[in-house]
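Take a look at the structure below.
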Amino acid sequence: MAHKRTKKRTHVGAKGGENKAVTANQVNRTPKSMVIRIGAGEVGPSVSQLVKDVRLMMEPGTAARLKERRSNRLRDYLTMAGPLGVSHLMLFSRSESGNTNMRLTVTPRGPTLHFRVEKYSLCKDVKKALKHPKGGGKEYLSPPLLVMNNFTAPAVDESKAESKNKVPRHLESLTTTMFQSLFPPISPQTTPLSSIRRVLLLNRVIDPNDDSSYVINLRHYAITTKKTGLSRPLRRLNAAEKLLHQGNNKKSKASLPNLGKLEDIADFMIGGENGEGYMTDATSGSEVETDAEVEMLESTTRKVLNSKARQRARAAEGKEGDAPGVEKRAVKLVELGPRMRLRMTKVEEGVCNGKVMWHEYINKTAAELKEMDKVWEKRRQEKEARKKIQKENVERKKREKKASGAGAKKDGEEEDDDDEYDEMDVDEWDSEGLEGDAEMEVNEDAEEEGNWEEQQKDIAAG
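Oh and the sequence shown: position 295 is 295 in UniProt numbering, straight run, nothing missing.
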């Protein structure tokens, strides 16, 4: 027998659809990130799992299912960052000495922050250490709340600030701005509280014995709330009632208190199953944290009353004098992981190949800085000259083909021209390690000798 067709589509928009519509400008302003392993399988299983945990932490504005290959270079990701709207890159790599490094950069112009991962703990290790770990739920549907502490070193006197802190002030503000731009801004007037389910805590550790260090501790927590002021037996009954409504009979039977030895439910509420007396948070031995308690409206369904019933309810509330529908809840943080201890080693302009703005171990004089500026200016002029020559060569080849009457071009020839323009506009990026200046010189020599063509053929073939 044929079933009657049920209409599931309609021309009328969904309720509140106009408010939920996302414009193109809002999409462009939303930060998006990519967490990448440089070297793929060469970094090891622990760093690979750390990358997965960091991707989960950066949800939902990150490429969660990104798969790297050993042949991929940094410029490959930079080429795709523009069309995909990616604003930040987090690059994890391992040096020859075994140190784990992380680079945070803003596309497409930089700057880049270099960190050494001194210590880290994976999500699975953090969950094993907790007595009641938080399971994966709806926490990752919205970005976390970013909390930063001590990013700017305190200074008693502005004139003595430089002598007490060797890290320049403008670099501290730059680091603060880069971490703030990782997530969309939160407006207290428009952002619903229910969407804030996680906290990302970044705490700068200031060492009084080492003023030149910039060390950041990273922690990731989930925000949980529960009712306070209720006795333990009543909380058990509420939990069992929720499981009964969910239809899970096995769990509900296991969580139900044993009332077989009691004559009345009042005996359970007053003395518990063992007759230990009325138990609250204060009498059960658990600590009461009044600072973590907040008052909020009770989230329960209410019956719609008519005008007369509403008047009687208001009159009753006025006589009692208590705020209706207000309950106290305790706010607690449950760690999700991962943990990281990051030490900043270098800040540079551009994306992993620019002029060094600050280095933890290398200090240059004013004369050396002027000489470095001259070298970078010379490199910039040479780069512009190479781009100009490449563009002229491409235009000349097009004119020669048109003059020879070759007719319509083949698809492969058009792709070759596009590749020439792509190579002309994309710089050679440092994709391995932290020695950007040395590798860039090697890349320039390889380009002059023509070795890049052989590598491009190998990449295309394999």
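Just so it is clear, CB atoms sit at the ideal spot from N, CA and C, and this is done for glycine as well.
For residue i and residue j, what's the separation of their Cα atoms in angstroms?
| i | j | result |
| --- | --- | --- |
| Leu333 | Ser121 | 18 Å |
| Val205 | Val326 | 40 Å |
| Lys364 | Leu141 | 46 Å |
| Asp211 | His170 | 16 Å |
| Trp358 | Lys398 | 46 Å |
| His220 | Arg236 | 29 Å |
| Glu384 | Lys391 | 11 Å |
| Phe179 | Glu172 | 11 Å |
| Ser187 | Arg198 | 16 Å |
| Arg65 | Ile270 | 53 Å |
| Thr224 | Ile196 | 10 Å |
| Asn203 | Pro45 | 27 Å |
| Lys226 | Ser194 | 14 Å |
| Ala240 | Glu42 | 50 Å |
| Trp376 | Ile216 | 31 Å |
| Lys128 | Gln311 | 55 Å |
| His245 | Pro31 | 40 Å |
| Arg396 | Ser404 | 12 Å |
| Asp264 | Pro257 | 13 Å |
| Ala313 | Val51 | 56 Å |
| Lys388 | Ala367 | 32 Å |
| Met148 | Ala222 | 16 Å |
| Asn393 | Ser93 | 38 Å |
| Gly110 | Arg329 | 44 Å |
From what residue to what residue does the beta strand (DSSP E) around residue i run?
| i | result |
| --- | --- |
| Glu327 | 326-335 |
| Arg339 | 339-348 |
| Ile36 | 33-37 |
| Ser93 | 88-94 |
| Asn149 | 145-149 |
| Leu200 | 198-205 |
| Val106 | 100-106 |
Shortest alpha-carbon distance to residue i belongs to which of the options?
| i | options | result |
| --- | --- | --- |
| Glu348 | Leu104, Leu202, Gln180 | Leu104 |
| Thr361 | Lys166, Lys242, Glu382, Ile223 | This sequence places Tyr at residue 361; Thr is not what is there. Per the Cα distances, Lys166. |
| Phe151 | Pro168, Ser33, Ile270, Pro144 | Pro168 |
| Thr191 | Leu145, Ala313, Asp267 | Leu145 |
| Glu96 | Lys32, Lys383, Gly39 | Gly39 |
| Arg29 | Glu172, Asn149, Glu335, Phe183 | Phe183 |
| Ala266 | Lys128, Val304, Pro233, Leu244 | Pro233 |
| Leu113 | Thr175, Glu59, His245 | Thr175 |
| Asp76 | Val351, Arg396, Trp376 | Val351 |
| Glu118 | Lys32, Thr100, Lys127 | Thr100 |
| Arg341 | Arg109, Gln189, Ser213, Arg37 | Ser213 |
| Met372 | Lys388, Arg386, Lys355, Lys387 | Lys355 |
| Pro154 | Val106, Phe268, Pro208, Ala315 | Pro208 |
| Asp125 | Gly337, Gly229, Ser181 | Gly337 |
| Met344 | Gln49, Val51, Arg116 | Arg116 |
| Gly98 | Lys388, Val47, Cys123 | Val47 |
| Lys131 | Lys370, Arg386, Glu335 | Glu335 |
| Leu218 | Ala316, Asp53, Leu259, Ala309 | Asp53 |
So the alpha helix (DSSP H) residue i belongs to, where does it begin and stop?
| i | result |
| --- | --- |
| His170 | 169-180 |
| Ile389 | 366-403 |
| Thr79 | 74-84 |
| residue 463 | Coverage of the chain is limited to positions 1 through 462, which leaves residue 463 absent and any answer about it impossible. |
| Met57 | 45-57 |
| Lys4 | Here Lys4 belongs to no alpha helix (DSSP H), and DSSP marks it neither H nor E. |
| Val126 | 123-129 |
Compute the beta-carbon to beta-carbon distance between residue i and residue j, rounded to the nearest angstrom, for a pair I have assumed lies under 8 Å.
| i | j | result |
| --- | --- | --- |
| Met102 | Leu91 | 7 Å |
| Arg55 | Val35 | 5 Å |
| Arg37 | Glu68 | 5 Å |
| Thr107 | Leu89 | 6 Å |
| Met57 | Leu200 | 7 Å |
Is there contact here, the stretch 81-96 with the stretch 130-143, by at least three beta-carbon pairs under 8 Å?
-> no
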